[in-house]
Structure formats: C-alpha cells, structure tokens
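Those sequence lines, one after another, are chains A and B.
If you want the numbering used here, it's the 1-based position in the first sequence plus 486.
If you want the numbering used here, it's the 1-based position in the second sequence plus 7.
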Amino acid sequence: MLVYALRRILVAIPTLLALIAITFVLMYAAPGTPFTTEKALPPEIMANLNAKYGLADPLLVQLGRYIWCSACCFDFGPSYFYKDQSVADIIRQGFPVTLTYGVYAFLLASVAGIALGLAAAVRQNTWLDYLAVGVSIGAQVLPNFVMAPILVLIFTVWLGWLPGGGWNGGQWENIVMPVIALATSFMASIARLTRSSMLEVLNANFVRTARAKGLPERTVIFRHALRPALLPIISYLGPTFVAMITGSVVIDVIFSTGGIGMFMVNAAFNRDYPVIMASTVLTGALTILFSLLADIAYAWIDPKIRY
Amino acid sequence: MALVINKGAAASLKEVSGRSLWADARIRFFKNKAAVASLIVLVLIGLFAAFGQHFAAWSNEEINWAVIGSVETLGRPSFESGHFFGADPLGRDLYARTVQGTRVSLMVGLIGAGVAVLVGTLYGATAGYFGGRIDDIMMRIVDILIAVPYMFVLSVVLVMFGQSLVMLFIGIGLISWLEMARIVRAQTLSIKNKEFVEAAQATGVSTPRIILRHIVPNLLGVVAVYATLLVPNMIIFESFVSFLGLGVQEPSTSWGALIAEGADQMLYGTLWQLGYPLFFFVITLFSFFFIGDGLRDALDPKDR
C-alpha cells in the first residue's frame with residue numbers, strides 16, 4: 487500500500503514537470519512578445535525589457551528558472567497586463583473566492599448526487615426512481631453556462647429574491663446561485679453513476695447472502711452495498727473537482743464573483759501569457775493531485791485492487 | 008435459445024437465417040422508445056440545419072433597420088415581420104442566426120467525435136495490442152495530455168493562431184480523442200488474447216492488419232456508444248468556449264454564442280433571444296444522450 491502510494495507520487499512528479507514544460511514551450515513559441523505595441527520600440531529598449539524579464543536567455547534556462555520559481559516560491563512572474571500586480575498576487579486574490587463556492591458546489595453535487603442515485607437504485611422502477619432519473623437527465627443538459635442565466639432570470643429578474651451578481655465578502659445571498667449553477671450538471675452525472683453502480687452491487691451474490699441471513703434492509707444497503715458501490719464514484723470525484731474549477735470561469739463572468747476565472751478569461755483576451763500559464767499549471771497540478779488522491783483512496787478502500 | 012439435439016429439427020432450423028450481433032442490436036435499439044423518438048428529433052434538427060435557411064425571410068447578415076432601438080416591441084417573433092424567432096438588438100433575424108448556429112454546433116460535435124473515432128481508436132488499439140513498454144509510453148502521453156486543462160489549451164491555441172472556425176475544430180480535435188484512446192485500449196486488452204486473434208497470428212497475418220481487421224471491428228460497439236455520448240460533450244464544450252467569447256467570431260455564430268447574447272439581453276425583455284437557441288441546444292443534447300443510452304443497451308448485453 488505504502489509502496490504503491492510512493493510509486494504513484496513518483497510518477498506524478500515527472501507528469502507535472504512535463505505539463506509545465508509543454509505549456510512553457512507553447513507560450514515561448516507564441517508569436518509576438520508582450521511588449522509588442524502599435525508603435526515600434528527602439529531596439530535598445532526592447533533589449534533592456536527582454537533582459538529585465540529574462541526573455542533574452544536560452545529557452546532551457548528560462549524553462550528551468552520558471553519551474554524552480556513556480557515550484558519553490560510560488561513565483562509565476564509579473565503579469566504583463568496588470569502592471570502593478572504579480573501573477574501570484576492575482577491568484578492569491580481570486581483563488582479563495584473560487585475555492586469558497588467551489589467547495590460548496592462540490593459538496594452539494596456529491597452529497598445530493600449520491601443521495602439521489604442511492605434512492606433511485608434502492609427503489610428501482612418506482613416513481614422515485616423515475617423522478618431521480620428524470621431529474622438527472624434533465625440536469626445533464628443544463629451545463630453551468632445555461633443554468634446560470636436561467637437562475638438569474640428566475641430569482642433575480644422575476645422574483646427579485648437574490649442579487650444577480652457580486653461577491654460582497656461571501657454573503658450567503660451571493661453564494662447561492664453560483665453554487666447551484668456550478669453543481670447541477672455534476673450532480674446529475676454523480677447521480678447516474680451512483681444509481682448504475684449501486685444496481686450492479688445490489689444484484690451481487692454477497693448482497694443476496696446478507697439478505698438471506700436476515701439482516702435488516704438498512705444494514706444491507708449501508709453496511710454491505712454502499713461501500714463497493716461508491717468505488718467508481720471516488721475516481722469520478724477527482725476530475726469533477728477540477729472541472730468545477732474550470733467551470734468557475736463562467737460563474738465569475740456571469741455573477742461577477744471576482745474569482746480566478748475572470749482573470750483567466752481576461753488573460754486570454756489580453757495575451758497575458760504569465761497568467762494563462764499559471765492557471766494552466768495550477769489547474770493541471772490540481773488534476774494530477776486529485777487523480778493521485780483518488781487512486782490512493784481507491785487502493786485503500788478496496789484491498790482487492792493490486793497494481 | 009433452443010438447443011436442438013433432434014436431427015430433423017436441426018435440418019429445419021437451417022432455413023431460418025441467423026441473426027447477427029448487429030441485427031440483434033438493431034432490434035433492441037428500435038424497441039427503446041426514447042431512443043427512437045430522439046433519433047427522429049435529431050433528423051428533424053439535421054434537416055433544420057441543412058435546409059432551414061431556404062425558409063428564412065431574412066438572411067443571417069441582413070439588418071432590419073426598422074426594429075433597431077425597439078427590438079422589444081417590433082422585433083418580437085412573428086410571421087408578419089418575417090422574424091419567426093424574433094430579432095436581436097442589431098436588427099438581425101434570429102431564425103437565420105439559429106439555423107447558422109445549429110450548423111456550426113452540430114459540425115463541432117460531429118468533427119470532435121469523428122477525430123475521436125479515427126485517432127482514439129487506432130491509438131488505443133495499437134497501445135493495447137502491443138502492450139509492454141510501448142503501451143506504457145503511449146498511455147503515459149495520454150495521461151499527461153489529459154492533465155492539461157483543455158480549456159486553457161484551447162484558449163492558448165486560439166490566442167496564438169487567431170480565432171477562426173478551423174482553429175476551433177483543430178483545438179477540439181486535439182482534445183476529443185484522449186478519453187476514447189483509454190476506453191479502446193482497455194477493451195483491446197480484454198480481446199487480444201482471444202482465440203481468433205491467436206489464429207490470425209498463427210496464420211501469419213501482419214500486425215497492422217490484425218489491428219485493423221481483427222481487433223478494431225470487435226471494438227465498434229463500444230466506440231459507437233462512446234462516440235454518440237461524445238458528440239453532446241463536444242457541443243457543450245464548444246458552447247462553453249463560445250459563451251466566453253473565445254470560440255466562433257461574428258458574423259459566424261453557434262449555440263453557445265447565441266445563448267451568451269440572449270443571457271446578456273435578458274434584462275431588456277427580449278427573452279426569445281435566450282429561449283430559441285436554448286431550446287435547440289437542450290433538445291439536441293437530450294436526443295444524443297438518449298440515443299447513446301439506447302445504443303449502449305443495444306450493444307452491451309451485460310448492461311441489459
């Protein structure tokens with residue numbers, strides 16, 4: 487178990503390094519420099535600027551420095567667009583906001599999704615099952631960028647219950663809609679996954695044995711069936727969390743919550759390469775971290791798995 | 008089904024033509040009412056995308072100067088004005104634009120799925136068939152590429168090479184095949200030790216031919232199911248990118264771009280701008296998901 491975890495960590499590190507290298511080379515190859523302006527700058531000034539930001543060094547030196555600085559000191563360099571801010575400042579400012587509603591949405595999606603799927607599987611082919619399946623199919627075609635405007639239309643424009651945007655230090659009125667918009671489609675996927683894997687487990691022999699020896703239904707479901715049924719969901723939760731961070735871009739744009747997503751979109755429009763790179767590397771690192779955690783959790787929960 | 012030992016009965020059975028796996032699957036698929044209904048809806052949407060512009064009173068680039076400034080009243084959906092779906096704040100006909108957006112979105116979905124089928128199947132089948140070191144390296148590459156947040160890759164590509172429809176297709180093609188490669192590889196691992204593969208190896212069939220003629224045809228069920236489910240995901244992905252303004256550029260459009268415009272205008276009482284594109288988006292996704300589910304039930308007897 488420990489050996490397995492260590493080996494997975496050892497594999498994860500070169501993956502992350504390769505990811506950083508690929509992104510960096512892509513950026514390096516991108517045409518134009520951040521200092522390209524309407525008016526051509528004199529060559530001496532260009533040379534000075536390049537020297538100041540270290541852009542005159544060979545590619546490998548730049549790459550090495552980037553990896554060293556970003557990994558050790560969380561230093562992603564200065565933003566090219568927001569002149570007075572470093573990329574690390576921007577991340578520090580936006581990430582807590584994203585994380586706040588991201589974690590709520592993640593909890594809502596997984597708890598509600600598992601509960602819905604569980605209810606549907608236990609009461610298969612009853613109205614509860616049809617309702618749950620209907621809800622989860624309906625929610626699947628409502629990705630966050632569709633859900634968000636619909637929520638604003640209903641709760642802000644028609645009913646006037648909730649503010650249509652802003653963060654306001656994280657008041658609950660401002661959090662409700664971003665969380666629901668972000669969570670809906672993931673909740674649907676988790677519910678579908680839970681239902682099908684629970685159905686499979688409920689038909690397994692050991693569940694029949696548990697029932698045959700007269701255990702109460704509650705014990706059969708929660709003690710015997712639930713744990714193996716949750717295995718596929720655990721490996722789905724890792725990518726889900728990362729997809730939510732990516733999805734937060736839409737939330738930030740629609741609700742003006744001021745999370746990191748807004749900076750990412752603006753960076754893409756403004757050719758703010760360091761910010762795009764930092765968000766790519768951060769999200770990639772999160773992806774790797776979560777798939778690592780999922781794999782280890784998997785091996786821990788299911789002792790049958792040998793790698 | 009009927010295990011016949013009696014010789015006379017066996018002779019009479021010969022005249023009954025056998026049902027192939029595919030014929031069986033077709034029968035199962037057409038018993039699924041939701042899937043068949045979805046298929047019909049999808050055909051209608053395809054016809055709408057292909058021929059819809061012939062029924063439009065306005066082209067997608069014409070501007071109806073009369074409605075600008077009073078879109079909320081004059082730009083309502085109506086048959087008299089020729090704006091079946093209403094007009095947008097720039098006086099353009101929403102019906103024509105919805106036809107155009109439907110085309111782009113469907114094309115994105117189909118191209119994404121097509122690339123996934125071609126590249127993903129071959130890549131996954133090759134990795135799975137060879138196994139060992141080659142498999143390790145090939146799948147490690149996929150692992151790394153999957154860890155790259157595709158949203159940003161696409162925005163980088165679009166920023167670097169300019170935002171055009173072709174770049175959007177390339178970007179989506181780059182991403183779509185990864186998951187397919189994983190699924191196909193896993194499936195290949197499970198069939199590569201079967202007797203028919205061994206027979207092909209024993210009779211000296213070349214390796215590329217074994218992969219193409221013996222492995223790949225046996226994967227088609229899984230590939231078909233996954234490709235159908237991939238189409239809506241690619242449509243969602245493109246709409247997501249276009250919603251943010253990084254995807255298709257004016258005067259071209261897609262469902263995502265139209266939904267974004269509609270969401271912007273929703274406070275001004277022109278709800279048809281959100282409603283019509285959203286309607287097409289939602290029913291198309293529904294149809295693809297139902298057809299994918301139907302195909303899975305039809306092709307994967309284990310799940311029945």
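Ideal Cβ placement from N, Cα and C applies to all residues, glycine included.
Nothing here was measured: the structure is a model prediction, and the numbers come from that model.
Is the separation between the beta-carbon of residue i and that of residue j shorter than 8 Å?
{"i": "I787 (chain A)", "j": "L717 (chain A)", "result": "yes"}
{"i": "G744 (chain A)", "j": "S734 (chain A)", "result": "no"}
{"i": "R99 (chain B)", "j": "I144 (chain B)", "result": "no"}
{"i": "L775 (chain A)", "j": "R494 (chain A)", "result": "no"}
{"i": "V122 (chain B)", "j": "G180 (chain B)", "result": "yes"}
{"i": "M633 (chain A)", "j": "T670 (chain A)", "result": "yes"}
{"i": "V230 (chain B)", "j": "T133 (chain B)", "result": "no"}
{"i": "A625 (chain A)", "j": "A674 (chain A)", "result": "yes"}
{"i": "I707 (chain A)", "j": "V608 (chain A)", "result": "yes"}
{"i": "E79 (chain B)", "j": "T277 (chain B)", "result": "yes"}
{"i": "A188 (chain B)", "j": "G131 (chain B)", "result": "yes"}
{"i": "V751 (chain A)", "j": "F247 (chain B)", "result": "no"}
{"i": "S261 (chain B)", "j": "V48 (chain B)", "result": "no"}
{"i": "L172 (chain B)", "j": "S259 (chain B)", "result": "yes"}
{"i": "A42 (chain B)", "j": "M241 (chain B)", "result": "no"}
{"i": "I506 (chain A)", "j": "I576 (chain A)", "result": "no"}
{"i": "V739 (chain A)", "j": "T773 (chain A)", "result": "no"}
{"i": "S45 (chain B)", "j": "I243 (chain B)", "result": "no"}
{"i": "W279 (chain B)", "j": "L101 (chain B)", "result": "yes"}
{"i": "L614 (chain A)", "j": "A606 (chain A)", "result": "yes"}
{"i": "N67 (chain B)", "j": "A32 (chain B)", "result": "no"}
{"i": "S622 (chain A)", "j": "R678 (chain A)", "result": "yes"}
{"i": "L51 (chain B)", "j": "V238 (chain B)", "result": "no"}
{"i": "P564 (chain A)", "j": "M273 (chain B)", "result": "no"}
So, with DSSP's three-state summary, where would you put residue i?
{"i": "A94 (chain B)", "result": "strand"}
{"i": "S777 (chain A)", "result": "helix"}
{"i": "P564 (chain A)", "result": "strand"}
{"i": "D100 (chain B)", "result": "strand"}
{"i": "M8 (chain B)", "result": "With a pLDDT of 43 at M8 (chain B), under the threshold of 50, the modelled position of that residue is not reliable, and no figure is offered here."}
{"i": "S197 (chain B)", "result": "helix"}
{"i": "D310 (chain B)", "result": "Bear in mind that a pLDDT of 46 at D310 (chain B), under 50, signals an unreliable position, so the number given afterwards is only what the model happens to contain. It is helical."}
{"i": "S572 (chain A)", "result": "strand"}
{"i": "M487 (chain A)", "result": "coil"}
{"i": "S6 (chain B)", "result": "Beyond the ends of chain B as shown, which are 8 and 311, falls residue 6 (chain B); an answer cannot be given."}
{"i": "D758 (chain A)", "result": "coil"}
{"i": "A607 (chain A)", "result": "helix"}
{"i": "E205 (chain B)", "result": "helix"}
{"i": "R26 (chain B)", "result": "coil"}
{"i": "G700 (chain A)", "result": "coil"}
{"i": "G269 (chain B)", "result": "helix"}
{"i": "T726 (chain A)", "result": "helix"}
{"i": "P528 (chain A)", "result": "coil"}
{"i": "L648 (chain A)", "result": "coil"}
{"i": "G53 (chain B)", "result": "helix"}
{"i": "G135 (chain B)", "result": "helix"}
Just tell me which of the options has its CA closest to the CA of residue i.
{"i": "R192 (chain B)", "options": "B:L226, B:Q208, B:F62 and B:A206", "result": "B:L226"}
{"i": "A515 (chain A)", "options": "A:A715, A:L541, A:D781 and A:V662", "result": "A:L541"}
{"i": "E245 (chain B)", "options": "B:F203, B:Y233, B:V223 and B:L175", "result": "B:L175"}
{"i": "L302 (chain B)", "options": "B:L236, B:A264 and B:T260", "result": "B:L236"}
{"i": "G106 (chain B)", "options": "B:F286, B:A41 and B:L165", "result": "Note that residue 106 (chain B) corresponds to Val in the displayed sequence, not to Gly. Taking only the C-alpha atoms, the option nearest V106 (chain B) is B:F286."}
{"i": "I661 (chain A)", "options": "A:S742, A:A771, A:L503 and A:I508", "result": "A:S742"}
{"i": "G135 (chain B)", "options": "B:I118, B:Y102 and B:I190", "result": "B:I190"}
{"i": "T732 (chain A)", "options": "A:F749, A:I719, A:I720 and A:S721", "result": "A:F749"}
{"i": "I198 (chain B)", "options": "B:H221, B:P215, B:G178 and B:A264", "result": "B:H221"}
{"i": "V126 (chain B)", "options": "B:F91, B:I182, B:A32 and B:M158", "result": "B:I182"}
{"i": "F567 (chain A)", "options": "A:L488, A:Y784 and A:Y759", "result": "A:Y759"}
{"i": "F288 (chain B)", "options": "B:F250, B:D300 and B:E257", "result": "B:F250"}
When you measure from the CB of residue i to every non-hydrogen atom of the ligand MN, does any distance come out below 7 Å?
{"i": "T128 (chain B)", "result": "This structure simply doesn't include the ligand MN, nor any ligand for that matter."}
Closer than 8 Å, Cβ to any Cβ of chain A: which residues of the region 220-245 of chain B, in chain order?
-> P239 and I243
Does the count of Cβ pairs from the region 754-772 of chain A and the region 593-602 of chain A closer than 8 Å reach three?
-> no
Residues in the region 607-638 of chain A having any Cβ partner in chain B nearer than 9 Å = Look at the region 607-638 of chain A: the residues with a C-beta under 9 Å from a C-beta of chain B are I623, G624, Q626, V627, L628, P629, N630, F631, V632, A634, P635, I636 and V638.
Got a sec: which bits of the region 557-581 of chain A sit with their beta carbon under 9 Å from any beta carbon on chain B, in order along the chain?
-> none
Could you run through the region 759-779 of chain A and flag, in chain order, every residue whose CB is less than 8 Å away from some CB of chain B?
-> I762, S765, T766, T769, G770, T773, I774 and S777
Cβ contact (3+ pairs, closer than 8 Å) linking the region 632-649 of chain A and the region 685-696 of chain A | no
Got a sec: which bits of the region 246-267 of chain B sit with their beta carbon under 8 Å from any beta carbon on chain A, in order along the chain?
-> S246, F247, F250, L251, G252, L253, G263, I266 and A267
Please determine if the region 149-158 of chain B and the region 89-98 of chain B are in contact, where contact requires at least 3 C-beta pairs separated by less than 8 Å.
-> no
Counting pairs of Cβ atoms below 8 Å between the region 107-120 of chain B and the region 47-64 of chain B, do you hit three or more?
-> yes
Listed in chain order, which residues of the region 501-513 of chain A have Cβ atoms closer than 9 Å to some Cβ of chain B?
-> Residues T501, L502, A504, L505, I508, T509, L512 and M513.
Cβ-based contacts, 9 Å cut-off: residues of the region 726-741 of chain A near chain B | V728, I731, T732, G733, V735, V736, V739 and I740
Name, going along the chain, the residues of the region 293-306 of chain B whose beta-carbon falls closer than 7 Å to a beta-carbon of chain A.
-> F293 and F296
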